[in-house]
Each structure stands twice: as C-alpha cells, then as structure tokens.
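> Here the sequence shown stands for residues -27 to -1, 1 to 283, where the numbers follow mature numbering (1 follows the signal peptide of the UniProt record, and there is no 0). Each residue gets a CB set at the ideal place from its N, CA and C atoms; glycine is no exception. Have a look at this one before I ask anything.
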Amino acid sequence: MARERRPARRRGAAVAAVLGGCLLAAAGTAPPAGAHSGGHTGAHPHGGHGRAAAYVALGDSYTSGPGIPAQVDAGCARSDHNYPSLVAAERRASRFTDVSCGGATTAEMWRAQGGNPPQLDALDRHTGLVTVQIGGNDVGFGSIIDTCARVAAQDPAGNPCERAYRASGHDELALAVLRTAPKVDRVLRAVRARAPHARVLVVGYPALLPDDGGGCFPQVPFAAKDFPYLRDTEKRLNRMLRLVAAVNRAEYVDTYGPTAGHDMCQAPADRWIEPLRPAAPAAPAHPNARGEAAMAEAVLGRLERGRGRG
C-alpha cells in the first residue's frame, strides 16, 4: 500500500510547488527559473514536431474564436480562422479535430456543453498533437470584467475593483487562480492518459490590457488604477499555467509576449484584442482574426523549436 501512495504524494508535492510558485508571484517574488521550463522529452511516434500528426484542439472561447468569420459552429462560437485551424493548415495535420467551445471551463473536458461532447472524448491513442487553452473561465474572466466595469464609476481615478476583490482581506482573484491550478493539472493528466503519445502544448492567454499598466477609459471602462491589478492577475494565471504544464511534462506556449502592445486599449489598426465594443468581428475582450493569427504563430514557433528547448 505504501508504494501505491507514493505517486499520489509526489503529485501532491508537485502541485503544491506550483501553488507555492503562484503564491510567491502574488507576493512579488519570481519562482525559480527552472520551474518555467518544461516539455516532454520522449520519442514522438506521430509526426515528430507535430507535422502531419493527428491534431486535437481543446479550449474555451479564446481558442474557438467567437465572431471571427467564418463561424462553423454557432453553439460553440467556433471559427475556421481560429488559431487551431491555422496551425492545422500550416502543419498539414493528417487529422484535425477542434472541440474548443466558448464558455468552456475545465469541467467541460468531461461533460457535454450543449451539442459539444466532452472535449476529452476527441482524444485517442493515435492523437499526435494536443493544444489546451483553459482556465480563464474557471477564474471568472466574464464576471471580473462585469464587476470592474460596474464599480469603476465609484472611483474612476482609483482602484475600486481591486478593493472589491480584496475586501475579505485576501485577493480573491489570486485565490481563484490558485484554486484553478489543480483543475488544470487534472485536465493535463487526463490528456496524457487518453493520448499517451501526443505532444501536449498548454497555450497561455494573450495580453488583454496594456503591459505598462496604463488605462484607456472609456474604451475599456475600468478605473485607472485597476488596469495594473487586472494585468497582474492575468500574468498570474499565465504563470500558473506554465508551472502546471511543467509538472505534467507538457510545453507552455506564451501568447502574452507576442501580443503585448496589441491589447484592447490600442487603436483599431494596431489592436489584436477587441474592447468591450468591438470594431472588428470578434467577441468583446477577445482576440480578433489578427489575434488568433498571432497565437497561431506562437504555437507554430513552439512546435518548430522542439521539445525541451525553452
């Protein structure tokens, strides 16, 4: 019995290390550089770096591409120009299955979402490449935007949203990220169990707000000092995803860096993320076609670099 418990204890310790890293980040201390690297280094029998592999895309609306033409699944707001479709075309995937769905949380990996079956059901032993972008809805992206926009009028020059989320004496958004870590860990373990030969890429979220912490009211209707707080919350989410990916021998794809400077606050010509009133075909606070293309380039770049190389 003691031997049977060791793997569970090791996993518990590994996930605890992830949570510790997120807590250190919340306190302003960066986790060790080694924790940021990852990647499964075993042989890959299905297409090397992903070229010609059977490819399955899992994820939420940042993956599915709501509002971007052409929409091929109204129930899931899925576009044929989202980043998985662009990656599949570029890599000449032998089989491509995109089950990403707007509004998905980690729970939708195991349960149907309208007409979309459980996303994990798309995987099998012949899957050679998997991308996973999940966790934003577990943290509560939609409700965070609604809350911060609603309280902004209370103190337009201050940080009413941050104060609301810290009213309990704790940062509720930081805690939400911590609570999401074991959920993402469970997803990645299930991916590995169902697609044991696949190269697994965990895709982070793009830069929604200016990286310098500046604001752009009323284009994005948040109070001035809430912009850096929300920026840091997204960075904390991405840091957690990177660390959980490393624990699970998956590879992390940074989409924040490549999209910085193309956030909701930029002019339409420079914007890859649409604001709450989109000017280009896209959902509010979501990537437009250029944003999806940028995420596709980040995924392709990760594939070209190969496993375990940064």
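Using only the alpha-carbon positions, how far apart do residue 260 and residue 130 sit?
Approximately 27 Å, taken between the alpha carbons.
> Skipping 5 residues on each side, what residues in its chain have a beta carbon closer than 7 Å to that of residue 274?
Nothing listed; no residue qualifies.
> Check the C-beta distance from residue 59 over to residue 104 and give it rounded, since I have them as a contact under 8 Å.
Not quite, the Cβ-Cβ distance comes to about 11 Å (not below 8 Å), so this is no contact.
> Compute the beta-carbon to beta-carbon distance between residue 42 and residue 251, rounded to the nearest angstrom, for a pair I have assumed lies under 8 Å.
Going by Cβ atoms, the distance from residue 42 to residue 251 rounds to 13 Å, so no, they are not a contact pair.
> For a quick check, are the C-beta atoms of residue 98 and residue 169 less than 8 Å apart?
Cβ atoms of residue 98 and residue 169: closer than 8 Å.
> Determine the extent of the beta strand (DSSP E) in which residue 225 is found, giving its start and end residues.
Looking at the DSSP string, the run of the beta strand (DSSP E) that includes residue 225 is 224 to 226.
> Under 8 Å by Cβ, that's how I've got residue 56 and residue 272 pegged, so tell me the actual separation to the nearest angstrom.
Sure, about 6 Å apart at Cβ, within 8 Å.
> So, for residue 258: in the same chain, excluding its five sequence neighbours on each side, which residues have a beta-carbon less than 8 Å away from its beta-carbon?
Contacts found: 114, 118, 181, 237, 246, 247, 248, 249.
> Evaluate residue 54 with the Cβ neighbour count: other Cβ atoms within 10 Å of its Cβ, from every protein chain shown; 16 or more gives buried, anything less gives exposed.
Per the 10 Å Cβ criterion, buried.
> Please list, in chain order, all residues of the same chain as residue 49 whose beta carbon is under 6 Å from its beta carbon, the five residues on each side excluded.
So the qualifying residues of the chain are 37, 74, 75, 89.
> Can you pull the DSSP bridge partners for residue 89?
Answer is 86, bridged to residue 89.
> State the beta-bridge partners of residue 27 as determined by DSSP.
DSSP lists 68 as partners of residue 27.
> Is it buried or exposed for residue 187, if we count other Cβ within 10 angstroms and need 16 for buried?
Exposed is the call here.
> I need the straight-line Cα distance from residue 51 to residue 39, nearest angstrom please.
Computed Cα separation, rounded: 6 Å.
> Output the residue ranges of the alpha helix (DSSP H) runs that lie fully inside the segment 103 to 173 and measure 4 residues or longer, sorted by chain position.
Here the runs fully enclosed are 109 to 112, 114 to 124, 133 to 138, 145 to 167.
> Out of 81, 183, 198, 191, point me to the one whose CA is closest to residue 243's CA.
The shortest Cα separation from residue 243 among 81, 183, 198, 191 belongs to 183.
> Please list the terminal residues of the continuous alpha helix (DSSP H) segment that includes residue 217.
From DSSP, the alpha helix (DSSP H) with residue 217 extends over 199 to 220.
> Report all residues from its chain with a CB closer than 6 Å to the CB of residue 231; omit the five preceding and five following residues, and keep chain order.
Only 267, 271 meet the Cβ criterion.
> How is residue 243 classed by DSSP in three states: helix, strand or coil?
In the structure shown, residue 243 sits in a helix (DSSP, three-state: H, G or I).
> Between which two residues does the beta strand (DSSP E) containing residue 45 stretch?
Segment 44 to 46, the beta strand (DSSP E) holding residue 45.
> Does DSSP put residue 51 in a helix, a strand or coil?
Of the three classes helix, strand and coil, the one that applies to residue 51 here is strand, per DSSP.
> Of the residues 153, 134, 149, which one's Cα is nearest the Cα of residue 198?
The residue with the shortest Cα to Cα distance from residue 198 is 134.
> Please report how far the alpha carbon of residue 67 lies from the alpha carbon of residue 120, in whole angstroms.
Rounded to the nearest angstrom, the two C-alpha atoms are 44 Å apart.
> Per the DSSP calculation, residue 176 is bridged to which residue(s)?
Looking at the DSSP assignment, residue 176 forms a beta bridge with 226.
> Under a three-way DSSP split, which group does residue 257 fall into?
In the structure shown, residue 257 sits in coil (DSSP, three-state: anything other than H, G, I, E or B).
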